[in-house]
Amino acid sequence: MSAVIRLLLRRLGISVIVLIGVSMLIFAIARVIPGDPARIALGPNAKAEQIASLRAQMHLDESLPVQYGHFLADLSRGDLGISLYTNRPVTKDIAQFLPATLELVFCAGIIMIMLGLPLGILAARYRGRWPDHLIRVLSLVTVSAPGFVWAVILMLLFAFYLPLFPIAGRLNDSFDIARVTGFLTIDTLLAGDFAAFTDALHHLVLPAIALSLSGIGQAARLTRANMVETYNKPYIEMAQAYGFFPSRIARIYAFKPSLIPSLTIIGLDFAAMLGNAFLVEAVFAWPGLSRYGVAVILRKDLNAIMGTVLIIAITFLIVNIIVDLLIAFLNPRIRHSARGSA
Amino acid sequence: MLKKAVIAASICAATLVTTPVFAESVLRLDEVAVGELDPAKASDYADSILMFNVYDTLVLPQQGGPGHVPHIAASWEVDGANYTFKLRDDVKFQSGNTLSAKDVVYSLERMQALGAGLSYLFAGVNIEAIDDTTVRFTLEQPYAPFVASLVRLPIVDMAYVKSNSDSEWGEEFLSANGAGSGAYSVKSHNPQEETVMSKSDSYFLSVADAAPDTVRLRYGLEAATVRTLIAQGEHDIASQWLPPEVVQALAKDGAQLLTESGTGAFYFKMNTTKAPLDDANCRLALSHAFDYGTAVQMIAINDDISAGSPATGAIPVGMFGANGPDSVMAQDMAKAKEYLAACQYDPADMNIEVTWIAEVPLEERFALLMQSNFTQLGIKSEIKKLPWALFAEQVSSAENTPHISQLFVNAVTGDPDTLLYGMYHSSTPGTWQSPEYLNDAMVDKHLEAGRSAADDAGREAAYQALNARLMEIAPTIYGFDRQSVFAASNRVKVPALSDPTQAFGLDGMGFSFRLMEMVE
């Protein structure tokens, strides 16, 4: 068995333990936060006996361990229960809303990587000079405000004053596209409708930029710091002494070793965007899972809260496993240490 | 270089803009998110709008005045506690099925079985289908507002529900689909995004050609988003929940302001079981100290339109028993001091807990206003923010209920009984509507008289007496009569929300899309 597969199996094992821990924690927290889910679901005018009946139906009149047992039994059948908010199976809700958030987060992640890393490289290469100073200022500005502030600023600039981009939803009303994957950029292509595809991209621009801006600044600063440290290593001096082009030194000898710590943070940022997307989704009326998560928390919809948190936790773990594997691929020392400790 | 890049990006983006070409008129409005479409669970504003458009009811409120007119019902007769309705025979559901008495029976039994939303209005009501077009309701006792309650009984297509669902009541099916006879049918529903409805061809009443062909009810839009969408010409009617500042800005930009009033009020409810508010003199002192004028100014949109009008008493103007528009409540510190002197408690020992609902930031401003007013009387107060879920739980016991809670309450059927009985009758304490925990025999008597009076004159007299008694014992500071304000583009005409002679006197019914007109 190769070292990478052993690493993967170990990470998967840890992930299962983490998921069980998360599920227990969220299960308990969701039940102690104020508000009776049955009362909220039935409306403010429901009678006491109606509320009691729904509580019994939801097993809320039983002890927490027994309730958790019911949850696990249902989960083992792939049943996350019915959402009190939408009155549909939670799995159906997640299947409908998750692709919208994933599409947004993927786009934001790509923008973060495509802009953050090159800006970091540029700043390191011209350290102490004006491009470095400019990128530092830009990075600080982008990091200093959360995504929803950028969402409103971008909306004001590029929709209110300069009406260039749409600001609500994922696709113009005039397009009727069959939802196959739920990713509209893919579904529009599957439908062969290029106009709809460009419209879907057009709708993605502002929310994806708003969500990615703080990550761009963070990635740029981190990459710069790591690369500056690498530039001080003797082998870089040797490469410079050999007369290698600065661009080659930056791309090959300084960037690759500097990428490893950056990659870890970028991976965490990427996964964190799933949860943080809520406010950006709210501003741009993006019908995603993060917004759904907040809606169900406000209504204390226990099944939907559990389902949403578990899905976000699973995605978080998957991203971390991918990052671990990438780091192992990039850094032979980690591969070897993994082999040694297996 | 940067400038070129910006210009290039702008040009690229501009070329990507796809201008939709609509062959049909589209009305776009927004509201708070509606998780599901089940009409039996409709109790909020948004799901009421959906219910009134997708489903029909036996009667409708009379436009521009009190009373009700036949709708699905052709006529009705009242015999004590028996109400017999003759149905129209030309009403078809959107499925093509004919609406019959069996559907009315199914709809009522369905509401009672689900026990959600406003089903409590029909508790203890029996129903039978006499024949295909006659249905009889039998009540446990005479209940004058029963006909008004029927505006909350949407008639569901039984055969269509049963053919699309394995369960008796088709809950899952109706949570995302429509099965009504209304002027609009549901085309799609995404609880996170919007419900799309289209004009029904088979509606039994004539609908103007100018009524919108398609309606997109969008959910959960932020104020900044709504403002931008209206500026872009991509939104028609904003929800009433926009902050007053945003409505003001939209009005300045040329938006029209639509209004709906006469169905509810904003109340500062005092826990009458907790010292010092268990003393009516103390409550009267606080009532007179409150600055009603400033409260109304705080919600003004412009010189002409406000989100509320000055209260004249416990009952909003326009309802049975309301005081005339001249008897406006006003701050009177001299009287407040007089009542405080008669109060059994020492003001120096008082610490009034004033709460505001976390989801309604406007209430914090009222809490601060009250704190300032009470300070003028030498009474200390403490402001607390409470999420709605926590508030609803706290009010279930008198000890946990705060001294003062702020609430918008409206008459869900347009009748004062559904506004006042739940708030003040001694049999209904401890709900979100009744944090007063009032237990007053005279109030009970007047409320019961309002329910059982045989005619409108009797009801008017009962509610007038009730209003006087409530003013006398002041369980509540009657803040202001509520007026919902909607900023709208000039592409739409909504007579029911702009012309008082066309108004329905029922929250949400002004949004009957069939009565709207798209100008462009």
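Protein chains in written order, with the working numbering: chain X, 1 to 342; chain A, 1001 to 1520. Positions of the beta carbon are idealized from the N, C-alpha and C atoms, including for glycine.
I'd like to know if the stretch 1408 to 1428 of chain A and the stretch 1504 to 1513 of chain A are in contact, where contact means that at least 3 CB-CB pairs between them fall below 8 Å. yes
Distance, serine 1498 of chain A Cα to valine 1151 of chain A Cα: 22 Å
Spatial distance of glutamine 1232 of chain A from alanine 159 of chain X (CA atoms): 8 Å
Between leucine 118 of chain X and chain A, is there a C-beta pair that is closer than 8 Å? Checking the sequence shown, residue 118 of chain X turns out to be proline, not leucine. Cβ-Cβ to chain A under 8 Å: no for proline 118 of chain X.
Evaluate contact between the stretch 1386 to 1403 of chain A and the stretch 1425 to 1435 of chain A, counting only Cβ atoms and requiring at least three cross-stretch pairs below 8 Å. yes
Which runs of the alpha helix (DSSP H) at least 4 residues long sit entirely within the stretch 39 to 101 of chain X? Give them in chain order. 48 to 57, 64 to 76
So, is the C-beta of leucine 42 of chain X closer than 8 Å to a C-beta in chain A? yes
DSSP three-state assignment for arginine 1136 of chain A, whether helix, strand or coil: strand
Is the distance from the Cβ of methionine 227 of chain X to the Cβ of serine 258 of chain X below 8 Å? yes
Can you say whether leucine 162 of chain X is buried or exposed, counting buried as having 16 or more other CB atoms within 10 angstroms of its CB? exposed
Let's test the definition: count the other Cβ atoms within 10 Å of the Cβ of alanine 1280 of chain A and tell me whether it reaches 16, buried, or not, exposed. buried
Own chain residues within Cβ distance below 6 Å of alanine 1474 of chain A, not counting five before or after: Arg1283, Leu1284, Ser1287
Members of the stretch 1164 to 1177 of chain A that neighbour chain X once the beta carbon cut-off is set at 8 Å: Glu1171, Glu1172, Ser1175, Ala1176
Along the chain, where does the alpha helix (DSSP H) that runs through phenylalanine 316 of chain X open and close? 302 to 330
Is there at least one Cβ from chain D nearer than 8 Å to glycine 1508 of chain A's Cβ? In summary, chain D is missing from the structure at hand, where the protein chains are X and A.
Given 8 Å as the limit, is there contact between the stretch 1059 to 1070 of chain A and the stretch 1229 to 1243 of chain A, that is, 3 or more CB pairs closer than that? no
Identified DSSP bridge partners for leucine 1258 of chain A: A:Phe1486
With distance defined between alpha-carbon atoms, name the residue in A:Val1246, A:Gln1192, A:Arg1491, A:Gly1182 nearest to aspartate 1201 of chain A. A:Gly1182
Are the C-beta atoms of aspartate 1417 of chain A and some chain X residue less than 8 Å apart? no
With a Cβ-Cβ cutoff of 8 Å, do proline 89 of chain X and lysine 300 of chain X count as a contact? no
Segment limits, beta strand (DSSP E) that includes methionine 1197 of chain A: 1194 to 1199
Taking just the CA atoms, how far does leucine 154 of chain X sit from leucine 206 of chain X? 7 Å
Closest residue to glutamine 1094 of chain A among A:Asp1132, A:Tyr1055, A:Leu1362 (Cα-Cα distance): A:Tyr1055
Member of A:Ala1208, A:Ile1404, A:Phe1374, A:Lys1380 whose CA lies at the smallest distance from the CA of leucine 1386 of chain A: A:Ile1404
Given this structure, state the Cα-to-Cα distance separating alanine 3 of chain X from methionine 112 of chain X, to the nearest angstrom. 30 Å
Taking Cβ positions, are valine 296 of chain X and threonine 308 of chain X nearer each other than 8 Å? yes
Helix or strand or just coil, what does DSSP make of glutamine 1297 of chain A? helix
Give every residue of the same chain whose Cβ lies closer than 7 Å to the Cβ of threonine 1273 of chain A, excluding the five residues on either side of it in the sequence, and list them in chain order. Ala1398, Tyr1437
Residues of chain X with a CB under 7 Å from the CB of aspartate 1332 of chain A: which are they? Per Cβ cutoff of 7 Å: no residues; aspartate 1332 of chain A is ~34 Å from chain X at best.
Run through DSSP, which three-state label would valine 1026 of chain A get? strand
Taking 8 Å as the threshold (C-beta atoms), are threonine 1259 of chain A and isoleucine 1305 of chain A in contact? yes
For a cutoff of 8 Å on Cβ pairs, would you count proline 1429 of chain A as touching chain X? no
Please list the partners that threonine 1401 of chain A has in chain X, where partner means a Cβ-to-Cβ separation under 7 Å. None at all; the shortest Cβ gap to chain X is about 15 Å.
How many Å lie between histidine 133 of chain X and tyrosine 1267 of chain A at the Cα? 57 Å
With DSSP run on the structure shown, which of helix, strand or coil describes lysine 233 of chain X? coil
Test: alanine 220 of chain X CB closer than 8 Å to a CB of chain A: no
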